[in-house]
Amino acid sequence: MITDMGTRRYTLRKRAEAQEDTRARIVDAMIEVHRDLGPRNATVSAIAQKAGVQRLTVYRHFPDDESLFEACTSTWLQRNPPPDPAAFQGVSDPVSRTRRGLESLYAYFGSTHRMWAVSYRDVEEVPALQGPMAGFEAWLDDFHQALLGGWRLRGARRERLADTLALALRFHTWQTLDTRGLDDTAKAGLVMEWLMGIAGGRRAR
61 MITDMGTRRY
71 TLRKRAEAQE
81 DTRARIVDAM
91 IEVHRDLGPR
101 NATVSAIAQK
111 AGVQRLTVYR
121 HFPDDESLFE
131 ACTSTWLQRN
141 PPPDPAAFQG
151 VSDPVSRTRR
161 GLESLYAYFG
171 STHRMWAVSY
181 RDVEEVPALQ
191 GPMAGFEAWL
201 DDFHQALLGG
211 WRLRGARRER
221 LADTLALALR
231 FHTWQTLDTR
241 GLDDTAKAGL
251 VMEWLMGIAG
261 GRRAR
């Protein structure tokens, strides 16, 4: 009987490991299909084929689009985390801090642009993607506040600087500047010139 119990526990453990491995392969396949074809074309059939499983297996692990996209997004962000504002919040000079923040964000967009390009392209057509994308937009708003702090401007000039910085942090701005052939350092430098024009004469460093 003791032997039977040990065998049963071993069998259950191996079965759980196999299920977890299958789930991981499905998530990896989803990430690849999402990146290569775009969310609107990330069908269960395409994901199942990439993962080497049946469509029913995908549904068994992820019964709806929301659970599938949530798993894909959370796994991808764990592997590709956006920059942490804590890395530059200790920089007291707002110009230096903003430049460092822009350079880190633009480097991030540069290394992950394929995924963001198709995600922003398809977000209005894929309801299950809208929650995760709203979460990233909220993160960008927090990043914006981390960079905006320390700029000693008031009234209309502060509002213009805040609006310009918010625009500069959006992926579509990075994408537009990228099509102009600017590297990420040059992109950040151009944005700093915009901000300096609003701030009133301090040179971007």
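Residues in the sequence shown are numbered from 61 upward in steps of one, following our numbering. In this text, a Cβ means the ideal position worked out from N, Cα and C, and glycines have one as well. The structure displayed is predicted, hence computed values, not measured ones.
What's the gap between the Cα of residue i and the Cα of residue j?
| i | j | result |
| --- | --- | --- |
| Met-175 | His-121 | 23 Å |
| Gln-79 | Val-113 | 12 Å |
| Met-252 | Glu-219 | 16 Å |
| His-204 | Val-151 | 15 Å |
| Arg-212 | Asp-153 | 11 Å |
| His-173 | Leu-116 | 32 Å |
| Ile-107 | Gly-161 | 36 Å |
| Gly-195 | Asn-101 | 22 Å |
| Leu-207 | Ala-146 | 11 Å |
| Ser-171 | Asn-140 | 9 Å |
| Ala-84 | Leu-255 | 44 Å |
| Gln-149 | Arg-157 | 7 Å |
| Phe-231 | Val-93 | 21 Å |
| Val-87 | Gly-257 | 46 Å |
| Ala-264 | Gln-190 | Per-residue confidence for Ala-264 stands at a pLDDT of 42, beneath the threshold of 50, marking its modelled position as unreliable; the derived number appears in the next sentence. C-alpha separation (whole angstroms): 36 Å. |
| Val-118 | Phe-129 | 12 Å |
| Arg-95 | Gly-215 | 42 Å |
| Asp-125 | Thr-103 | 10 Å |
| Ala-259 | Pro-123 | 52 Å |
| Leu-225 | Gly-210 | 14 Å |
| Arg-217 | Ala-198 | 24 Å |
| Arg-240 | Asp-182 | 23 Å |
| Asp-81 | Gln-235 | 36 Å |
Taking a contact to mean a Cβ-Cβ separation below 8 Å, would you say residue i touches residue j in this structure?
| i | j | result |
| --- | --- | --- |
| Ala-111 | Ala-89 | yes |
| Tyr-168 | Pro-143 | yes |
| Ala-222 | Tyr-166 | no |
| Pro-99 | Val-178 | yes |
| Leu-229 | Leu-237 | no |
| Thr-233 | Leu-227 | yes |
| Glu-185 | Thr-245 | no |
| Pro-192 | Thr-133 | yes |
Just curious, the alpha helix (DSSP H) that residue i is in, first and last residue?
| i | result |
| --- | --- |
| Ser-156 | 154 to 182 |
| Asp-202 | 187 to 208 |
| Leu-221 | 215 to 228 |
| Trp-234 | 231 to 239 |
| Asp-249 | Note that residue 249 is Gly in the sequence shown, not Asp. Here the alpha helix (DSSP H) through Gly-249 covers 244 to 259. |
Looking at the C-beta of residue i, does it have a partner C-beta in chain D at a distance below 8 Å?
| i | result |
| --- | --- |
| Gln-205 | Here chain D cannot be found, since the structure has a single protein chain. |
If you scan the stretch 102 to 163 from start to end, which runs of the beta strand (DSSP E) of 3 or more residues do you find wholly inside it? none
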